[in-house]
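*Asks:* Provided herewith is a single structure, encoded as structure tokens, for subsequent inquiry.
2 protein chains.
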Amino acid sequence: MKETFGEYVKRLRTENNLTLTQLAAQLDMDSANLSKIENGKRDFDEKRLIKLADFFSLNIDILKTEFFSDLIAKKIYQTNYCHETLMLAEEKIKYLQQKQIKQGTLNL
Amino acid sequence: MKETFGEYVKRLRTENNLTLTQLAAQLDMDSANLSKIENGKRDFDEKRLIKLADFFSLNIDILKTEFFSDLIAKKIYQTNYCHETLMLAEEKIKYLQQKQIKQGTLNL
DNA sequence: GTATATTTGTCAAAATATGACAAGAAAAAT
DNA sequence: ATTTTTCTTGTCATATTTTGACAAATATAC
Numbered sequence: 010m011k012e013t014f015g016e017y018v019k020r021l022r023t024e025n026n027l028t029l030t031q032l033a034a035q036l037d038m039d040s041a042n043l044s045k046i047e048n049g050k051r052d053f054d055e056k057r058l059i060k061l062a063d064f065f066s067l068n069i070d071i072l073k074t075e076f077f078s079d080l081i082a083k084k085i086y087q088t089n090y091c092h093e094t095l096m097l098a099e100e101k102i103k104y105l106q107q108k109q110i111k112q113g114t115l116n117l
Numbered sequence: 010m011k012e013t014f015g016e017y018v019k020r021l022r023t024e025n026n027l028t029l030t031q032l033a034a035q036l037d038m039d040s041a042n043l044s045k046i047e048n049g050k051r052d053f054d055e056k057r058l059i060k061l062a063d064f065f066s067l068n069i070d071i072l073k074t075e076f077f078s079d080l081i082a083k084k085i086y087q088t089n090y091c092h093e094t095l096m097l098a099e100e101k102i103k104y105l106q107q108k109q110i111k112q113g114t115l116n117l
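As given, the protein sequences belong to chains A and B, one line each in that order.
The numbering of the first sequence is our numbering, which starts it at 10 and goes up by one.
The numbering of the second sequence is our numbering, which starts it at 10 and goes up by one.
Here it is, written out as structure tokens:
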């Protein structure tokens with residue numbers, strides 16, 4: 010079963026025998042805040058995904074999938090019946106893509 | 010093919026022959042901002058979902074599904090490959106639910 | 001025990017969202 | 001065709017949320 014994004018970062022860090030301070034330095038952030046991220050008390054800032062991918066030589070698209078799926082999971086969990094919402098979201102994404110093709114751009 | 014949440018609201022409004030001003034009054038908001046919502050230039054505020062459901066006698070859960078799927082669609086669209094992210098999100102929701110069962114509560 | 005690592009709490013500053021209003025554009029009514 | 005109504009867009013002050021930073025408490029290792 011899947012882990013959260015925070016747990017994923019923690020695993021990357023510990024598997025590479027790094028301290029919070031060491032990884033935080035690489036990501037240009039406070040180690041205390043990184044700890045909160047690993048423990049699900051704060052969100053990882055999207056703009057640092059590239060640094061994370063670079064440092065651990067991860068595929069950025071896979072990392073983004075990890076990241077965004079986590080945001081979505083947190084948002085839906087508790088609020089809403091999951092499967093139906095996600096199915097509908099998928100339809101809507103397709104709709105937005107269609108709309109973009111027709112209109113050129115799309116401001117959301 | 011699915012519509013956006015804004016288009017959905019607009020459809021509800023026009024099918025019921027209401028002006029923006031009339032619906033905005035029911036939702037306790039500015040009609041100019043409601044217009045932006047219908048046209049995808051602002052987000053509908055979650056806290057007004059209940060008023061919307063009440064006024065149009067909609068099932069709140071179905072409405073929430075419409076609402077949250079829209080948020081997700083907007084977030085993923087452009088950024089990420091859709092299907093894979095949503096599949097992973099579903100797994101993560103299950104994981105969070107499992108985690109909650111074990112821990113009692115979960116702060117995210 | 002001391003040192004190192006991690007977690008938690010707090011708070012000011014930055015970023016984002018919201019409410020409000022004015023003015024322009026489009027549609028409808030007369 | 002001009003007046004009235006409706007809709008759209010722009011702007012901005014305020015409210016809310018997120019972030020960065022640091023201090024202090026706790027836990028782990030040596």
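Where a beta carbon is used, it is the ideal one built from N, C-alpha and C, also for glycine.
From a predicted model like this one, the values you see are computed outputs, not experimental measurements.
Quick one: using the 10 Å Cβ neighbour count with 16 as the cut-off for buried, is ALA41(B) buried or exposed?
*Replies:* So ALA41(B) counts as exposed.
*Asks:* Under a CB-based cut-off of 8 Å, is SER78(A) close to chain B?
*Replies:* SER78(A) counts as touching chain B.
*Asks:* Going by DSSP in three states, PHE65(B) sits in which element: helix, strand or coil?
*Replies:* In the structure shown, PHE65(B) sits in a helix (DSSP, three-state: H, G or I).
*Asks:* Using a C-beta to C-beta distance shorter than 8 Å, which residues of chain B count as neighbours of LEU21(A)?
*Replies:* Under the 8 Å cutoff, chain B gives no residues; its nearest Cβ is about 17 Å from LEU21(A).
*Asks:* If you follow the alpha helix (DSSP H) that ASN42(B) is in, where does it begin and where does it stop?
*Replies:* Per DSSP, ASN42(B) belongs to the alpha helix (DSSP H) from 40 to 47.
*Asks:* Determine the contact status of LEU95(B) and ALA82(A), defining contact as a CB-CB distance below 8 Å.
*Replies:* Going by C-beta atoms, LEU95(B) is not nearer than 8 Å to ALA82(A).
*Asks:* Are at least three pairs of beta-carbons, each pair with one atom in the stretch 14 to 28 of chain B and one in the stretch 44 to 54 of chain B, less than 8 Å apart?
*Replies:* Because the criterion of three Cβ pairs below 8 Å is met, the stretch 14 to 28 of chain B and the stretch 44 to 54 of chain B touch.
*Asks:* Since ASN89(A) meets chain B, which of its residues come closer than 7 Å, beta carbon to beta carbon?
*Replies:* LYS73, THR74 and PHE77, listed in chain order.
*Asks:* Tell me which residues of the stretch 92 to 109 of chain B have at least one Cβ-Cβ distance to chain A shorter than 9 Å, keeping chain order.
*Replies:* Listed in sequence order: HIS92, GLU93, THR94, LEU95, MET96, LEU97, ALA98, GLU99, GLU100, LYS101, ILE102, LYS103, TYR104, LEU105, GLN106, GLN107, LYS108 and GLN109.
*Asks:* May I ask you to list, following chain order, the residues of the stretch 38 to 64 of chain A that have a beta carbon less than 8 Å from some beta carbon of chain B?
*Replies:* Taking 8 Å as the Cβ-Cβ cut-off against chain B, the residues of the stretch 38 to 64 of chain A that qualify are GLY49 and LYS50.
*Asks:* CB TYR90(B) to CB LYS11(A), shorter than 8 Å?
*Replies:* No, Cβ-Cβ distance for TYR90(B) and LYS11(A) is not below 8 Å.
*Asks:* Taking the alpha carbon of PHE64(B) as the reference point, which residue from GLN87(B), ASP79(B) and LEU21(B) has its own alpha carbon closest?
*Replies:* Nearest option by C-alpha distance: LEU21(B).
*Asks:* In whole angstroms, give me the CA-to-CA distance for THR1(B) and ARG57(A).
*Replies:* Outside the displayed range of chain B (10 to 117) lies residue 1(B), so it cannot be described from this structure.
*Asks:* Can you tell me which of the three DSSP states ARG51(A) falls into?
*Replies:* ARG51(A): coil per DSSP, three-state reduction.
*Asks:* Roughly how many whole angstroms lie between the Cα atoms of GLY49(A) and ASP79(A)?
*Replies:* Whole-angstrom Cα-Cα distance: 11 Å.
*Asks:* Which chain A residues are close to ILE82(B), counting only those with a beta carbon under 7 Å from its beta carbon?
*Replies:* The sequence given here places Ala at residue 82(B); Ile does not occur at that position. Those within 7 Å of ALA82(B) in chain A are ALA98, LYS101, ILE102 and LEU105.
*Asks:* For the alpha helix (DSSP H) that LEU32(A) lies in, which residues bound it at each end?
*Replies:* 29 to 35 is the span of the alpha helix (DSSP H), which, as asked, contains LEU32(A).
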